[in-house]
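In our numbering, the protein residues as written are 2 to 990.
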RNA sequence: GCCCAGUUGGCGGAAUUGGUAGACGCGCUGGUCUCAAACACCAGUAGGAAACUGUGCCGGUUCGACUCCGGCACUGGGUACCA
């Protein structure tokens, strides 16, 4: 028997757990290194082979850093609040906590089998009260803070109140103006809510009726919910939000200083969407009202031919003339009822209405009509635009549709065909801007606008404040209660606010969130006061969104069991922030933006020393599944008239499922009666079935054609596209009696497609099976070997035999084959003789490559390099300790189990984890000669070895003297000879 | 539409600063072992009989281009009436 990975891997996993081999210390003389994975949501489906990809990469890096002498923090935990557990609870009544615990146990079991070097003592779970206590605590800090634009950071709200008092600020209450001290408690609360970083307000939210909750912009994709894919509509609601917009500029600027991929940075830049322009007011004709617009193209001011307001704009009803009132009201109703999704679906559809009112052009004084259009968004800028159809494609489309004038003010386009949006060209028809280039014109226009007091230069962001309340059960309760309608946060010593028990995980009959079902769940002050009387105060019934817990978890790992602080100063001063963060790119504008926001906020309060959560970020690619299909033959009836009868016919023909092998697709689209299925069973079956309905077919003059539809089939019963027919019949009841139309050799060939790996597509490959069959080391090596970490690639189990063979070859290097072949295992045999130069060269070449591969995150090439190394050492029949000991160390990050086993056999009693990574000694790599490729006009013809000490001139001379050179020269004289030392010789003819 | 990434054998992929294109592995073909199969081992494997041709397509720079520049196509991802 050879290498027994099952036994060896189990032993070492037990050893690591027992000895807490990977526990990180919070004080150490070693330099620190923090390697973090994005923690998973523990779903019921368990891990598939795609999940561990990033974990394996980070584990290799963490183990490498330990070998390099770093104190490494490499933790893991669970993002355990979330929708699936709650939906499961709604269906089954099972408490989400139970579901979550079960799923976590399964995840842990799967993770353990792969041999990760996580420090499990630091595990965090966001749904654990010990954890969410501090999530709530951070919320309270957000509530108690405002953003001071002067200091450009968050401060305690008390500094704002102080400011109000010092400046004697006045606040409008109804028609009166009062000082801050003169306001009632409620009025003060309302004023402060406009500044707090966590605040309650009436905002347009993304409401998802099916989920019964609101969603943040980042959770809505293509107009449907990211989770579940349900339609989302706009709705005005009182909601908790976080003022992330206060940090827009810093979130944007600080991207410069972090080593993240350009694509993620770009996605964040786009999401933040900074645009610089100017505000500009238009006076409404015969009224004191003005309409303020935001524009980035003030240079086109003389091209304005109308002004468009969002249907929700506050001035609409006031402006609208009596003649237009009906049309306007009708349009507003229409716009309101169009869901986000519809609006997006027909971007091309232009809708709008004229209000009957006019504004006056600020420079020419001309009348400009005011229109409503839903292409103008209420939530961006001022909800009103100046329309310049000549130089904005949306305005152009609107103008064309409603036959409004189009004025050319920038030369260079052809306005009869399309608008000219480019920001280059000279201004025309523009009074004082004529002749200027766009850039200069923008500047001049802003100057004039500011000079005349019409507006001023302004920056707008696309980023919206993050809606923070969710009308869900399975999340952190927001630590707020309402006293006389005033929202108040709990005292810190009242945390955690435990998620109460409810009878059902659904909204109440009156539409309140599930938490309103909790009986007797009321806030009572610890200290005596009005709320102590009676039943106490109502709590906030919304819970926090899924991203709350994940916005600071990287800090908790530093000090996971601290019961008095979210993280101790000492721990965070030591660990600072994440050195290497690995996770999926799908979090580009969600999690990765929020965690940056919270980090900056906590830094502002002086609680942590860093302003960014992660120095370096790597996005692992997705591992896609390869789905398999069977092709179902579907009779399609085209009947004239009677539809019911048509259905009856097709049902009769469909009684048994007919599945056609892929390569017999010539049979598809065959019509009724004119086929030969080349399959007796099927001919018989269909002839019988058709005979039964022949009368109806003829009566209806129906036409039958056979089409096919592809059905997903479990990839685990398909091997190399050949269906295991027995397993297939047993797989599902409806396939038991299916008629399988096979190839001539009896095989049923499946089709396939590369898709997302998902339970519903039946293409999931579980890591458990791979570990069981080939071992954890093989799985780890193979996942890395598949290709560059960042690239998406389809999973193909077949290739794993390659790395599995490699592991056996590696094992054999350290052993001599047993002579009496039967029972005995190969004998461990390593020689203490000094290594010879070729052996040392192989080793040190490999060390050099592995170091540069790991540090460049090129894990796929390092696996190749190990293979080359082992192949070469096998060729050299090398079994020297001097070579094999360092080899075990450099391979340990990738294949830790076999490395530990070999290490212990080499006579070490300690784990290989903290061995020293060998240095590359360049002296072994020095070559004395180089085999030069000799090329003619850039095409390599032959090779010639020359000593490296030879000068260029000498080589040139030698090459020309060669017989082969003369042959390729064909008697011509070379024009030029290029000799690149240690690289190439090129002869130009 | 805009932004980002990518396109190399039958497949996954490799190629340092512009310097031997196809490393390594899978698959395939042939062979050895075996009664046979599997495993294992050995040899071959970009195309072409060859001259030659080949890194998505067209063009450029260069002694020399997968690599640099200009244009285009396609694939994947992100984002979208953002004024």
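A virtual CB, placed ideally from N, CA and C, is assigned to each residue, including glycine. Computed from a predicted model, the values in this text were never measured in an experiment.
Express the C-alpha separation of residue j and residue i in angstroms, rounding to a whole number.
| i | j | result |
| --- | --- | --- |
| residue 824 | residue 893 | The predicted model places residue 824 with a pLDDT of 43, which falls under 50 and marks its position as unreliable; any figure quoted below should be read in that light. One C-alpha to the other measures close to 29 Å. |
| residue 368 | residue 314 | 20 Å |
| residue 51 | residue 620 | 13 Å |
| residue 25 | residue 13 | 19 Å |
| residue 107 | residue 829 | 37 Å |
| residue 90 | residue 335 | 38 Å |
| residue 462 | residue 252 | 12 Å |
| residue 377 | residue 440 | 25 Å |
| residue 176 | residue 247 | 30 Å |
| residue 465 | residue 218 | 8 Å |
| residue 547 | residue 179 | 41 Å |
| residue 198 | residue 143 | 5 Å |
| residue 410 | residue 235 | 37 Å |
| residue 497 | residue 480 | 8 Å |
| residue 491 | residue 538 | 12 Å |
| residue 950 | residue 981 | 13 Å |
| residue 373 | residue 387 | 12 Å |
| residue 886 | residue 918 | 11 Å |
| residue 448 | residue 596 | 39 Å |
From the DSSP output, which residues share a beta bridge with residue i?
| i | result |
| --- | --- |
| residue 335 | Partner(s): none; residue 335 has no beta bridge. |
| residue 380 | Bridge partners of residue 380: none, in fact. |
| residue 948 | 930 |
| residue 135 | None; residue 135 has no bridge partner. |
| residue 269 | According to DSSP, which records beta bridges pairwise, residue 269 is partnered with nothing at all. |
| residue 708 | 635 |
Which two residues bound the contiguous beta strand (DSSP E) that contains residue i?
| i | result |
| --- | --- |
| residue 370 | 368-374 |
| residue 740 | 740-742 |
| residue 934 | 930-937 |
| residue 55 | No beta strand (DSSP E) contains residue 55, which is instead part of the alpha helix (DSSP H) from 53-68. |
| residue 728 | Note, residue 728: premise wrong, no beta strand (DSSP E); alpha helix (DSSP H) at 726-732. |
| residue 488 | 487-490 |
| residue 575 | It is not in any beta strand (DSSP E) - residue 575 instead sits in the alpha helix (DSSP H) that spans 570-576. |
| residue 581 | 579-585 |
| residue 462 | 458-462 |
Whole-angstrom Cβ separation of residue i and residue j, contact assumed at under 8 Å?
| i | j | result |
| --- | --- | --- |
| residue 708 | residue 635 | 5 Å |
| residue 302 | residue 446 | 6 Å |
| residue 937 | residue 990 | 6 Å |
| residue 238 | residue 192 | 21 Å between Cβ atoms; not a contact. |
| residue 242 | residue 233 | The pair is not a contact, with the Cβ atoms about 17 Å apart (cut-off 8 Å). |
| residue 572 | residue 27 | 5 Å |
| residue 362 | residue 305 | 7 Å |
How is the alpha helix (DSSP H) around residue i delimited, first residue to last?
| i | result |
| --- | --- |
| residue 964 | 964-970 |
| residue 771 | 768-775 |
| residue 278 | Taken as a continuous stretch (DSSP letters only), residue 278 belongs to no alpha helix (DSSP H), being part of the beta strand (DSSP E) at 275-285. |
| residue 1 | The requested residue 1 is not part of the displayed model; the chain covers only 2 to 990. |
| residue 861 | 860-876 |
| residue 812 | 801-814 |
Using three-state DSSP, classify residue i as helix, strand or coil.
| i | result |
| --- | --- |
| residue 187 | helix |
| residue 900 | helix |
| residue 126 | strand |
| residue 713 | strand |
| residue 471 | strand |
| residue 786 | helix |
| residue 538 | strand |
| residue 241 | strand |
| residue 50 | coil |
| residue 821 | Low confidence applies here, because residue 821 scores a pLDDT of 44, under 50, leaving its location unreliable and the question unanswered by this model. |
| residue 1 | The structure shown has nothing for residue 1, since the chain only spans 2 to 990. |
| residue 214 | strand |
| residue 4 | coil |
| residue 15 | helix |
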